[in-house]
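To start, the structure itself, in structure tokens.
Numbering (the UniProt record's numbering), first residue to last: 1 to 184.
In structure tokens, the structure reads:
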């Protein structure tokens, strides 16, 4: 791949579902990031829709270092499940104020759980869990960078409301996706 082609490589986005007890579900657009050492949920999204997942945050002992060099303590950790491409796994997420850089990051813990193999030439991700396999293509999400994407997503409980989606917000360069962590 030549240098000009490398400049057009887009972040890897996928539609995902965060699942809490009793099939409570929030649909999200997740940034799949093999450079992030943790799965993350933005505090703004958690404050708006976390209650719909029907499971509280628990204290976190992880201190996060973000791309702009800041070290921050998360507001807490959420434990639940995440489903992408029909593959569902247990996962935990650090919840912190990312300044609008993202909604959800699926980082190395999720990639490890689903035994991900990323083909960078085709920009496809193969994931599997037990007998379920999926080949994910980097999705161009309509409205990704538009003001419409900032509108409130709808929440779905399988027995209640119609489905909706949380769309990825436009990520400021200072915080884009890179998260490293240290346990204390």
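Even for Gly, the Cβ is constructed at its ideal location relative to N, Cα and C. Everything numeric in this text was worked out from a predicted model, so none of it was measured.
Item: Taking the straight line between their C-alpha atoms, what separation do you get for residue 50 and residue 76?; Value: 12 Å
Item: Check whether the stretch 108–117 touches the stretch 55–67, taking contact to mean three or more Cβ pairs, one atom from each stretch, closer than 8 Å.; Value: no
Item: State buried or exposed for residue 29, treating a residue as buried only when at least 16 other CB atoms are found within 10 Å of its CB.; Value: buried
Item: In this structure, how does DSSP classify residue 49 when only helix, strand and coil are distinguished?; Value: helix
Item: When the Cα of residue 45 is compared with those of 13, 38, 95, which residue comes out closest?; Value: 95
Item: Can you name, in chain order, every residue of its own chain whose Cβ lies under 6 Å from the Cβ of residue 84, other than the five neighbours on each side?; Value: 14, 16
Item: What are the boundary residues of the beta strand (DSSP E) that includes residue 113?; Value: Segment 108–113 is the alpha helix (DSSP H) holding residue 113; no beta strand (DSSP E) there.
Item: Start and end of the beta strand (DSSP E) containing residue 16?; Value: 12–19
Item: Report all residues from its chain with a CB closer than 7 Å to the CB of residue 10; omit the five preceding and five following residues, and keep chain order.; Value: 138
Item: Taking 6 Å as the limit between beta carbons, can you name the residues of its chain near residue 87, skipping five residues before and five after?; Value: 114, 127, 129, 132, 134
Item: Look up residue 131 in the DSSP assignment and give the residues it is bridged to.; Value: For residue 131, which the question treats as bridged, DSSP gives no partner whatsoever.
Item: Beta-carbon separation of residue 108 and residue 37 under 7 Å?; Value: yes
Item: Go ahead and label residue 39 buried or exposed: buried means 16 or more other beta carbons lie within 10 angstroms of its beta carbon, across all protein chains shown.; Value: buried
Item: On the three-state DSSP scale, how would you describe residue 23?; Value: helix
Item: According to DSSP, which residues form a beta bridge with residue 86?; Value: Residue 86 is not bridged to any residue.
Item: Using a Cβ-Cβ cutoff of less than 6 Å, which residues in the same chain neighbour residue 12 once the five nearest sequence positions on both sides are dropped?; Value: 32, 138
Item: For residue 20 and residue 26, what's the separation of their Cα atoms in angstroms?; Value: 9 Å
Item: Determine, using beta carbons only, whether residue 82 and residue 91 come nearer to each other than 7 Å.; Value: yes
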